[in-house]
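What follows is a short report on a single structure.
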Amino acid sequence: MNRYYTITELTREFGISTRTLRYYEDEGLIHPDRRGRTRLYRLADRHLIAEILRGRRVGLSIAEIREIIQVYKDPPGEAGQLRLLMRKVEEKREELRQKRKDIDDTLTELDNIEESCLARLAEIGVRS
């Protein structure tokens with residue numbers, strides 16, 4: 073028996089809006105069945121939604137997620153998809169490391185500015 077999920081069930085389960093699901097459909101990431109105006113999502117759609125949301129949580133763009141999904145569907149299949157995903161994960165890690173470095177550098181600069189201000193206030197006889 074084929075299990076279908078309604079848009080309401082999936083929005084509640086994943087804590088997302090109906091607009092989000094429609095957007096993923098418009099972007100070609102999921103393909104629900106239609107019965108009149110009603111969208112019916114298969115188990116495969118539900119799995120894809122979970123993976124899309126996981127990708128978004130780690131900062132992947134819709135284009136990157138689409139590419140990963142497409143690699144699974146076409147040769148080289150799952151192995152290619154996993155290699156691509158590992159490459160994307162490493163790129164994202166490096167991006168986050170750079171952001172961390174930038175934040176650390178900014179915090180250091182702010183500390184330096186604060187120390188300079190405190191020193192100057194002491195020079196002119198103003199208590200901080």
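The number in our numbering is simply the position in the sequence shown, starting from 1, with 72 added.
Beta carbons: idealized from backbone N, C-alpha and C, even for Gly.
Candidates the options, of which the one nearest residue i by Cα
{"i": "Leu115", "options": "Ser200, Tyr77, Gln142", "result": "Tyr77"}
{"i": "Ile84", "options": "Asp105, Arg118, Tyr95, Ser200", "result": "For clarity, residue 84 is Arg in the given sequence; the question names Ile instead. For the residues Asp105, Arg118, Tyr95, Ser200, the minimum Cα distance to Arg84 belongs to Arg118."}
{"i": "Asn74", "options": "Leu82, Phe86, Asp105, Ser133", "result": "Asp105"}
{"i": "Glu97", "options": "Pro147, Leu179, Ile124", "result": "Ile124"}
{"i": "Ser133", "options": "Glu150, Gly149, Val161", "result": "Val161"}
{"i": "Ile88", "options": "Gly152, Gly108, Arg129", "result": "Arg129"}
{"i": "Leu120", "options": "Phe86, Ala151, Pro148", "result": "Phe86"}
{"i": "Ala122", "options": "Asp146, Arg111, Ile141, Gln170", "result": "Ile141"}
Residue i - partner residues in DSSP beta bridges
{"i": "Asp105", "result": "Leu112"}
Contact under 7 Å by Cβ, residue i with residue j
{"i": "Leu154", "j": "Val143", "result": "no"}
{"i": "Gly131", "j": "Lys164", "result": "yes"}
{"i": "Thr90", "j": "Ile79", "result": "yes"}
Endpoints, the alpha helix (DSSP H) within which residue i is located
{"i": "Asn74", "result": "Neither: Asn74 is in no alpha helix (DSSP H) and is coded neither H nor E."}
{"i": "Leu154", "result": "149-195"}
{"i": "Asp98", "result": "90-98"}
{"i": "Leu82", "result": "79-86"}
{"i": "Arg138", "result": "134-145"}
Cβ-heavy atom distance, residue i to the ligand MG, below 6 Å
{"i": "Thr178", "result": "You won't find the ligand MG in this model; it holds no ligand whatsoever."}
- prompt: Is the region 137-144 touching the region 98-115 in the sense that three or more CB pairs, one from each, lie closer than 8 Å?
  reply: yes
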